[in-house]
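Enquirer: In my numbering, the protein residues as written are 73 to 147. My questions all concern the structure below.
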């Protein structure tokens, strides 16, 4: 079991565990199946462009990194 911090507050680990247990008590298996489907379909619709969170795709990051290294290379 996670220990409380010295200042009496619970750790992030303990807070996450307690939250997960509370959620599992209030929702059934169908709830988790549905949110899993929704998450999978959201990630599956990513067309390689910037995600909605503003981060570039891995593909784009690799391409940009390769370009930067090739400019620095001496032939």
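C-beta: ideal position from N, C-alpha, C; glycine also. What you are looking at is a predicted structure, and each value in this text was computed from that prediction instead of being measured.
Which value, in whole angstroms, describes the spacing of the CA atoms of residue 109 and residue 102?
Expert: Translated into the one-based positions of the chain shown, residue 109 becomes position 37. Translated into the one-based positions of the chain shown, residue 102 becomes position 30. Approximately 11 Å, taken between the alpha carbons.
Enquirer: Which of the three DSSP states is assigned to residue 134 in this structure?
Expert: Residue numbering aside, residue 134 sits at position 62 when the chain shown is read from its first letter. If DSSP states are grouped into helix, strand and coil, residue 134 belongs with the helices.
Enquirer: Helix, strand or coil for residue 82? Go by DSSP, reduced to three states.
Expert: Translated into positions along the chain shown, residue 82 becomes position 10. Residue 82: coil per DSSP, three-state reduction.
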